[in-house]
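Chains as they are written, first to last, in the working numbering: chain A, 1 to 404; chain B, 405 to 584.
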C-alpha cells in the first residue's frame, strides 16, 4: 500500500475531494455509506482510494443510510475508528441510529453534506437536515470553506475520541462539496501528531473474550441519570474544543487565511468586524463568506460565525454581546422550525433570557430578529445581506423570509 | 477580482473548464474559486459554471451575476438563452463559433467579442466535439487572465490519471486555439 507522508502544499481541490483526502489521512478502519446527492463525491473518492490500493480501511457499501449508520455503529462499538457521510433524507433515515450512537457513547464521525428536506424534492443546499437531528447528542460543527472543513474533521475525531461522543461536520452541499478552491490537506503523519491512533479500552468495546452489553435497558431509576451525564459531557466539551483547536493550529500548519478584522477565533465562534458594531449578523456555514465580504462595505456591521453549534457556545456568545454591545442582531437561518422561527435565532434569543445575562444586567436593549435565507439552494447574495442589514435596523421583530 | 461565467450544455465539460481556469490561475500565483450553477445535470440542458480569480483568498459565494468574462462553449446557446444577462460594456466574450462575430445574436460591443472555432479544432485533434479545454486557449490569449504555461500545468494536473496521450492532445488543442 502506498502511503503518502510527504508534507503537502496547498492546491485547488473540489470540496468533496478535500474531505475524502483528509479522511484517508485520518486513517479510519471502517467506512460505510450509501450514496446521496450532494454527499456522493466524498464516498466515491474514498471507495476509489481503497480500490486503487491507496488506503487499507474496510469500505462497506450499505443498502441504505440506516444500514450505513448501523455498520459504523457496530464497528465503532468494537473500538475501531469509523466514518460515514450523508445528506438530507439520508440523515433522517439514520436518525434512530444516531441517537443510539450518542447514547452508547461511540466516537463516530459523520459528514453531513447539507441539503434541504423533501417535499417538494430538493437536492440543493440548506441546513434543515442537520437541524432536524440537532438533539441526537452529536457534536455539530459547521464549516465556511474547504480549509475549515478539513480542520473541523480532524478536530471532530480528536474531541469525539477523547470524550467518547459522536461528531458531525456540516458542509454546505454543492456550495462546498462541488466547488473548487485553495486548500491544504495535511499528510497522514502530520495528522497523527495531533490525532493519535484510537486506543481501545477493552471494557468499553465489544470483544468476545470479555463480553459487555452496550445501550442496554435502563429503568426509570437510571435512564435520567444516563441522559444527564451525556448532556453534561457534551456541554462540558466546550473548553476542550477550544484547547484542541489551539493545539491543532500549533501542530498542523493549515496555511489558513488570517484576517486583521477577525478579533475572535477559538474553534467555537469567529467574530469578524469592528469593536463596536451597530448591527451583528450571526449565522453558520458557507454563507458567512458572503456576509463577511459584504460587511467590508458597511463599517457598522459585525459578523459572528457559529462554528460549533452543539454543544451550543452560549457563554461565548453572551460574552461577545457584552463586549461588542450591538444594538441589533440579525440571525440568519438556512432552516426553520415550521410554526415558530429560525432555529439558531430562537437559541440566540434564549441567551437573552438567562439570569444575569447581558441584556438584564447592563440594561442594554438588543433587538434580535430571525431571518430565513437560502432554503433549497436559493442563492444568498450580497444584495440579500444588504437588505437584512437594512431590515434589522427598522422597528419590528417579525421573522422575515429573505428571498432575494 | 475577476469574475468569469461559462455557458454550455450538460456533457460539454463546462464544470471542468471552470476548474481548469481556477487551477491555471492558482499555478500563476493567484487565488481562485470555481463552482457550477448546481443544476440537475442533464445532457444537453443549458448550464453555467463560474470562476473567480483574485490576489486575495475568495470568500464570496454568490453566483456570478455581472461577469467580466463570458465564455460560451455551445454556439447555439445565444439563440435560445440570454447568455449576456448581467454583462456590461466592458465584459469580454469568448465564444466557440464558426460564424463571423457580426452575425451573432449577442447584444454587446463587437470589439469585446472574440470568436474561436473550438469545435473545428476539437474535431481535428480529438475526433469528437469536446471543445471545453480548446476554448481555454483562446481565453488565455484574449483575456491574459491566465498564462498558457499555467493552463498547460492545469491540464497536466487535471488529466494526470487519463494518461500522456490525452494530456498531449489537450495541450495541442489549447495551443492551436491560442494561436487561432
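The beta carbon of each residue, even a glycine, is placed where N, CA and C say it ideally should be.
- Across the structure, residue 43 of chain A and residue 62 of chain A are spaced so that their CA atoms are roughly 12 Å apart.
- Burial check for residue 210 of chain A: the Cβ neighbour count within 10 Å stays below 16, so the residue is exposed.
- Residue pairing of residue 452 of chain B in beta bridges, as defined by DSSP: B/411.
- In this structure, DSSP gives residue 497 of chain B an extended state, which the three-state scheme calls strand.
- In the structure shown, the three-state DSSP call for residue 563 of chain B is coil.
- Here the C-alpha atom of residue 309 of chain A lies approximately 7 Å from the C-alpha atom of residue 142 of chain A.
- Put simply, the CB of residue 297 of chain A is far from chain B, with every gap to its CB atoms at 8 Å or more.
- Residues are counted here when their Cβ sits less than 8 Å from a Cβ of chain B; for the segment 164-179 of chain A these are 174, 175, 178, 179, given in chain order.
- The C-beta of residue 467 of chain B comes closer than 8 Å to at least one C-beta of chain A.
- The continuous stretches of alpha helix (DSSP H) do not include residue 57 of chain A, and DSSP gives it neither H nor E.
- In its chain, beyond the 5 residues on either side, 154, 158, 247, 248, 251, 252 have a beta carbon closer than 7 Å to the beta carbon of residue 194 of chain A.
- Taking 8 Å as the Cβ-Cβ cut-off, the segment 15-37 of chain A has no residue approaching chain B.
- Ranking A/29, A/28, A/45, A/27 by CA distance to the CA of residue 35 of chain A puts A/45 first.
- In summary, residue 401 of chain A is exposed, with fewer than 16 beta-carbon neighbours lying within 10 Å of its beta-carbon over all protein chains present.
- The Cβ atoms of residue 109 of chain A and residue 156 of chain A sit closer than 8 Å to each other.
- 377, 379, 380, 381, 382: these are the residues of the segment 367-398 of chain A whose beta carbon lies less than 7 Å from some beta carbon of chain B, given in chain order.
- Interface criterion met: the Cβ of residue 289 of chain A is under 8 Å from a Cβ in chain B.
- For the 8 Å CB-CB criterion, residue 499 of chain B and residue 485 of chain B do not form a contact.
- Residue state for residue 208 of chain A is assigned as coil, using DSSP reduced to three classes.
- Bounds of the alpha helix (DSSP H) holding residue 89 of chain A are 88-103.
- In this structure, residue 281 of chain A and residue 388 of chain A form a Cβ contact; the two beta carbons are roughly 7 Å apart against a cut-off of 8 Å.
- By the Cβ criterion, the segment 52-67 of chain A is not in contact with the segment 173-183 of chain A, since fewer than three pairs of Cβ atoms, one from each stretch, lie closer than 8 Å.
- With a contact defined as Cβ atoms closer than 8 Å, residue 555 of chain B and residue 578 of chain B qualify at about 6 Å.
- Counting only residues of its own chain and dropping the five nearest sequence neighbours on each side, residue 32 of chain A has a CB closer than 6 Å to the CB of 60, 62, 68, 71, 72, 84.
- No Cβ of chain B is located within less than 8 Å of the beta carbon of residue 261 of chain A.
- In the three-state scheme derived from DSSP, where H, G and I count as helix and E and B as strand, residue 482 of chain B is classed as helix.
- Counting along the chain, the unbroken beta strand (DSSP E) around residue 141 of chain A starts and ends at 139-142.
- Distances from the alpha-carbon of residue 112 of chain A to those of A/262, A/168, A/27 put A/168 closest.
- Apart from the 5 residues on each side of it in sequence, residue 88 of chain A sits with its Cβ closer than 6 Å to the Cβ of 115, 117, 129 in its chain, given in chain order.
- Contact between residue 26 of chain A and residue 226 of chain A is absent: CB atoms are separated by about 29 Å, not below the 8 Å threshold.
- Of all residues in the segment 417-434 of chain B, those with a C-beta nearer than 7 Å to a C-beta of chain A are 423, 426, 427, 430, reading in chain order.
- Three or more Cβ pairs closer than 8 Å define a contact, and the segment 487-499 of chain B falls short of that threshold against the segment 421-436 of chain B.
- For residue 462 of chain B, a Cβ of chain A is located within less than 8 Å of the residue's own Cβ.
- Residue 44 of chain A is outside the set of residues whose beta carbon lies under 8 Å from a beta carbon in chain B.
- Here residue 237 of chain A carries a helix assignment [DSSP, helix/strand/coil].
- For residue 87 of chain A, no CB of chain B lies under 8 Å from its own CB, so it is not counted at the interface with that chain.
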